[in-house]
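This report concerns only the one structure given below.
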Amino acid sequence: MRNEDIVIIYGNDCSKSVNQLLKHIKIEDQIKDKNANIVIKPNLLIAQDPSLGATTHTEIVVEIIEYLQEKGFKNIKIVESSWIGASTKQAFKYFGYPQISKKYKVPLIDVKDDDYETKIENGIKVEISKEIFNCDFLISVPVLKGHCQTKITCALKNMKGCISDKNKRMFHNLGLMKPIATLNKIRTADLVIVDSLNGDLDFEEGGNPIETNRIYACKDSVLCDAFGASLLGYSVDEVEYIKLAQSYGVGNSDINKANIINLNNPDSIDALNKKPKGTVAFLAKYVEADKACSACYGNLIHAIKRLNDTNQLFDIKKVCIGQGFKNKEDQTLIGVGSCTRKLGKSLKGCPPSANDMIKFLLDNS
Numbered sequence: 021m022r023n024e025d026i027v028i029i030y031g032n033d034c035s036k037s038v039n040q041l042l043k044h045i046k047i048e049d050q051i052k053d054k055n056a057n058i059v060i061k062p063n064l065l066i067a068q069d070p071s072l073g074a075t076t077h078t079e080i081v082v083e084i085i086e087y088l089q090e091k092g093f094k095n096i097k098i099v100e101s102s103w104i105g106a107s108t109k110q111a112f113k114y115f116g117y118p119q120i121s122k123k124y125k126v127p128l129i130d131v132k133d134d135d136y137e138t139k140i141e142n143g144i145k146v147e148i149s150k151e152i153f154n155c156d157f158l159i160s161v162p163v164l165k166g167h168c169q170t171k172i173t174c175a176l177k178n179m180k181g182c183i184s185d186k187n188k189r190m191f192h193n194l195g196l197m198k199p200i201a202t203l204n205k206i207r208t209a210d211l212v213i214v215d216s217l218n219g220d221l222d223f224e225e226g227g228n229p230i231e232t233n234r235i236y237a238c239k240d241s242v243l244c245d246a247f248g249a250s251l252l253g254y255s256v257d258e259v260e261y262i263k264l265a266q267s268y269g270v271g272n273s274d275i276n277k278a279n280i281i282n283l284n285n286p287d288s289i290d291a292l293n294k295k296p297k298g299t300v301a302f303l304a305k306y307v308e309a310d311k312a313c314s315a316c317y318g319n320l321i322h323a324i325k326r327l328n329d330t331n332q333l334f335d336i337k338k339v340c341i342g343q344g345f346k347n348k349e350d351q352t353l354i355g356v357g358s359c360t361r362k363l364g365k366s367l368k369g370c371p372p373s374a375n376d377m378i379k380f381l382l383d384n385s
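Okay, so the sequence shown: first residue is 21 according to our numbering, each after it adds one.
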């Protein structure tokens with residue numbers, strides 16, 4: 021796997037998808053020493069079911085452990101810190117990590133109890149977990165989701181769970197953007213496996229999940245987040261810490277130069293079968309869905325949300341989406357995704373990004 025690769029797999033069988041993803045990227049070739057100290061860092065900010073769109077699905081972490089152990093890697097740890105005011109140990113217990121730890125002989129490390137390496141970079145004092153800082157190979161397993169302060173959270177911001185609570189408070193006082201980028205200059209993930217199964221529309225703590233049934237892998241955390249931002253309807257310029265991280269030499273944010281590898285297509289899985297709730301239900305009023313794949317549908321909801329945020333939604337026509345439109349020829353309708361190509365106006369892609377959808381909808385409003 022190269023730095024410019026973004027490897028994507030779609031599906032609602034989480035364990036199977038992760039296994040196929042790991043086989044393709046050959047993670048074992050990236051870790052030369054079988055005795056390497058490997059750390060898996062999920063996002064367990066609170067004890068809350070992953071179905072609400074805030075926390076990493078446990079099956080992803082288990083599959084990574086099983087795959088690595090099958091390849092002969094034994095020195096694996098799970099390291100995490102829940103957000104300020106929440107108990108990491110309670111989160112571990114809620115998600116069943118003590119049982120996982122016992123079964124696979126994988127230690128659980130609560131960053132809140134860890135010792136810290138103190139580093140000063142860009143004038144910012146960072147207290148980073150020694151387990152994270154000193155590991156040989158760091159696998160980050162963030163959730164791709166919206167965030168009320170930073171717009172999105174994914175690989176770069178997931179590293180915030182590697183610092184002391186005191187540092188977290190300071191990061192917020194400094195506005196998050198520069199500190200997040202700086203932290204990744206000090207230590208960033210060696211591999212990112214993104215849980216993009218049903219991330220929240222707006223908030224880090226979940227509540228308005230959007231089913232997309234997608235997992236993707238990157239070596240470059242900056243590229244990972246730039247791509248994730250496009251899926252949520254943001255440009256790199258709108259997410260300041262991505263640009264800053266690139267300027268600090270952490271990675272490259274140019275997704276136009278990325279090598280995007282789709283291991284399958286969204287239309288090879290079951291169509292969306294859950295009725296949206298809350299904010300998502302309001303946004304879905306602008307969608308005419310017929311057998312829509314979850315990944316395409318999710319990107320469209322993010323696009324409509326962005327238009328709503330910028331007061332541009334009132335001009336938008338109802339948007340067709342889904343496999344049910346494959347053979348429909350109606351010149352009065354507009355649609356997104358390859359399945360709607362015979363309509364009057366259609367945006368190609370399987371699926372197109374939310375960013376591309378925004379431009380298309382504005383051009384055809």
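Every residue, glycine too, gets a C-beta built ideally from N, C-alpha and C.
message = Rounding to the nearest angstrom, what Cα-Cα distance links ILE281 and CYS359 in this structure?
response = Walking along the sequence shown from the start, residue 281 turns up at place 261. Walking along the sequence shown from the start, residue 359 turns up at place 339. Cα-Cα distance, rounded: 20 Å.
Residue range of the alpha helix (DSSP H) that includes ASP49 = Within the sequence shown, residue 49 is the residue found at index 29, counting from 1. Counting along the chain, ASP49 sits inside the alpha helix (DSSP H) bounded by residues 47-50.
query = Applying the criterion that 16 or more other CB atoms from any shown protein chain within 10 Å of the CB defines a buried residue, is ASN6 buried or exposed?
reply = This structure cannot settle anything about residue 6, because the visible part of the chain is limited to 21 through 385.
task = Pair every Cβ in the stretch 85-98 with every Cβ in the stretch 45-60, then say whether three or more of these pairs are closer than 8 Å.
result = Cβ pair count under 8 Å is three or more, so yes.
task = Entirely within the stretch 129-178 and at least 4 residues each: give me those alpha helix (DSSP H) ranges in chain order.
result = The DSSP assignment places 150-153 and 175-178 as complete runs of the alpha helix (DSSP H) inside the stretch 129-178, in order along the chain (cut-off: 4 residues).
Expected contact under 8 Å - CB spacing of SER241 and LEU164 to nearest Å = Counting from one through the sequence shown, the residue named residue 241 turns up at place 221. Counting from one through the sequence shown, the residue named residue 164 turns up at place 144. Contact between SER241 and LEU164 is absent: CB atoms are separated by about 12 Å, not below the 8 Å threshold.
query = For PRO62, does the three-state DSSP call read helix, strand or coil?
reply = Here residue 62 corresponds to residue number 42 of the sequence shown, with the count starting at 1. Strand.
query = Taking the continuous beta strand (DSSP E) assigned at ILE354, which residues delimit it?
reply = Taking the sequence shown and counting its residues from 1, the one referred to as residue 354 is at position 334. Element bounds for ILE354: 354-356.
Under 8 Å between C-beta atoms of LEU353 and GLY344 = Position 333 of the sequence shown holds residue 353. Position 324 of the sequence shown holds residue 344. Their beta carbons are not under 8 Å apart, which means LEU353 does not touch GLY344 by this criterion.
inquiry  = Assuming the contact rule is C-beta atoms closer than 8 Å, ILE152 and ARG234 should be a hit. Round their C-beta distance to whole Å, please.
reply    = For the purposes of this step, residue 152 is taken as residue 132 along the sequence shown, with counting starting at 1. For the purposes of this step, residue 234 is taken as residue 214 along the sequence shown, with counting starting at 1. Going by Cβ atoms, the distance from ILE152 to ARG234 rounds to 26 Å, so no, they are not a contact pair.
inquiry  = Beta-carbon within less than 6 Å of LYS346's beta-carbon, same chain only, minus the 5 sequence neighbours each way: which residues are those?
reply    = Walking along the sequence shown from the start, residue 346 turns up at place 326. So the qualifying residues of the chain are CYS359.
ask   = Where does ASP215 land, buried or exposed, given buried means 16+ other C-beta within 10 angstroms?
value = In the sequence shown, the residue the question calls residue 215 occupies position 195. Label assigned to ASP215: buried.
key: Segment contact flag, the stretch 178-198 with the stretch 77-85, C-beta cutoff 8 Å, min 3 pairs   = Contact fails: fewer than three Cβ-Cβ distances are below 8 Å.
request  = Tell me where the beta strand (DSSP E) around ASP25 begins and ends.
outcome  = Residue numbering aside, residue 25 sits at position 5 when the sequence shown is read from its first letter. ASP25: member of the beta strand (DSSP E) spanning 25-30, first to last residue.
ask   = Is ILE262 near ASP274, with beta carbons less than 8 Å apart?
value = In the sequence shown, the residue the question calls residue 262 occupies position 242. In the sequence shown, the residue the question calls residue 274 occupies position 254. Contact: no.
Buried versus exposed, by CB contacts within 10 Å (16 or more), PHE247 = The residue labelled residue 247 in the question sits at position 227 within the sequence shown. With 16 or more other Cβ atoms from the protein chains shown falling within 10 Å of its own Cβ, PHE247 counts as buried.
Residue nearest to ILE324 in terms of C-alpha spacing, selected from PHE302, ALA312 and LYS311 = Counting from 1 along the sequence shown, the entry for residue 324 is found at position 304. With distances taken between Cα atoms, ILE324 lies closest to PHE302.
query = So ILE80 and ALA74 are in contact, right, with Cβ under 8 Å, and what is the actual spacing, rounded?
reply = Translated into positions along the sequence shown, residue 80 becomes position 60. Translated into positions along the sequence shown, residue 74 becomes position 54. Not quite, the Cβ-Cβ distance comes to about 14 Å (not below 8 Å), so this is no contact.
task = Alpha carbon to alpha carbon, how far is TYR114 from THR78? Give it in angstroms, no decimals.
result = If you number the sequence shown from 1, residue 78 lands on position 58. If you number the sequence shown from 1, residue 114 lands on position 94. Their Cα atoms are separated by approximately 10 Å.
query = What span of residues does the alpha helix (DSSP H) with GLU386 cover, start to end?
reply = Residue 386 is absent from the structure shown; the chain starts at 21 and stops at 385.
ask   = If you count every other CB in all the chains shown that lies within 10 Å of the CB of GLU90, and 16 or more means buried, which is it?
value = As a working note, residue 90 is residue 70 in the sequence shown. Of the other Cβ atoms in all chains shown, fewer than 16 fall within 10 Å of the Cβ of GLU90; this residue is therefore exposed.
key: Euclidean distance between Cα positions of ASP53 and PHE93   = The residue labelled residue 53 in the question sits at position 33 within the sequence shown. The residue labelled residue 93 in the question sits at position 73 within the sequence shown. CA-CA distance, ASP53 to PHE93, rounds to 8 Å.
Counterpart residues of TYR236 in DSSP-defined beta bridges = Locating residue 236 in the sequence shown gives position 216, counting from the first residue. In the DSSP output, where bridge partners are listed per residue, TYR236 has ILE28 and VAL214.
message = Our contact map puts ILE26 next to ALA278 with C-beta atoms below 8 Å; I'd like the distance itself, whole angstroms only.
response = Stepping through the sequence shown from its first residue, residue 26 is reached at position 6. Stepping through the sequence shown from its first residue, residue 278 is reached at position 258. About 5 Å separates the two Cβ atoms, so the contact holds.
request  = Determine the DSSP secondary structure at PRO118, reduced to helix, strand or coil.
outcome  = Within the sequence shown, residue 118 is the residue found at index 98, counting from 1. Of the three classes helix, strand and coil, the one that applies to PRO118 here is helix, per DSSP.
request  = Verify whether the separation of the beta carbon atoms of VAL339 and GLY318 is less than 8 Å.
outcome  = Here residue 339 is taken as the residue at index 319 of the sequence shown, counted from 1. Here residue 318 is taken as the residue at index 298 of the sequence shown, counted from 1. No, the pair does not count as a contact, with Cβ atoms beyond the cut-off.
key: Touch test, the stretch 191-208 against the stretch 217-228, Cβ-Cβ under 8 Å, three pairs minimum   = Result no; under three Cβ-Cβ pairs closer than 8 Å.
query = Do ALA209 and SER160 come within 8 Å of each other at the CB atom, strictly closer than that value?
reply = In the sequence shown, the residue the question calls residue 160 occupies position 140. In the sequence shown, the residue the question calls residue 209 occupies position 189. It is a contact, given that the beta carbons lie within the stated cut-off.
key: Backbone CA spacing between ALA304 and THR108 [nearest angstrom]   = For the purposes of this step, residue 304 is identified with residue 284 of the sequence shown, where counting begins at 1. For the purposes of this step, residue 108 is identified with residue 88 of the sequence shown, where counting begins at 1. The alpha-carbon atoms of ALA304 and THR108 are separated by roughly 35 Å.
query = Going by DSSP, what residues sit across from VAL99 in a beta bridge?
reply = As a first step, residue 99 must be located in the sequence shown, where it is residue number 79. For VAL99, which the question treats as bridged, DSSP gives the partners ILE129.
ask   = If we ignore side chains and look at the alpha-carbon of each, how far apart do SER250 and LYS145 end up?
value = For the purposes of this step, residue 250 is taken as the residue at position 230 of the sequence shown. For the purposes of this step, residue 145 is taken as the residue at position 125 of the sequence shown. A straight-line Cα-Cα distance of about 31 Å links SER250 and LYS145.
query = Going by Cα to Cα distance, which pick from LYS43, ASN218, CYS313 and ARG22 is closest to LEU72?
reply = As a first step, residue 72 is located in the sequence shown; it is residue number 52 there, counting from the start. Out of LYS43, ASN218, CYS313 and ARG22, ASN218 has the C-alpha closest to the C-alpha of LEU72.
request  = Return helix, strand or coil for ALA315, following the three-state DSSP convention.
outcome  = In the sequence shown, counting from the first residue as 1, residue 315 sits at position 295. If DSSP states are grouped into helix, strand and coil, ALA315 belongs with the helices.
message = Taking its Cβ as the centre, do 16 or more other Cβ atoms sit within 10 Å of CYS168, making it buried, or is it exposed?
response = Here residue 168 refers to the residue found at position 148 when the sequence shown is read from its first residue. Answer is exposed; the Cβ neighbour count stays below 16.
Which listed residue (GLN266, TYR30, THR330 and LYS337) has its alpha carbon closest to that of SER314 = Here residue 314 refers to the residue found at position 294 when the sequence shown is read from its first residue. Nearest option by C-alpha distance: TYR30.
key: Opening and closing residue of the alpha helix (DSSP H) in which SER241 lies   = Position 221 of the sequence shown, counting from 1, holds the residue named residue 241. Unbroken alpha helix (DSSP H) run through SER241: 241-251.
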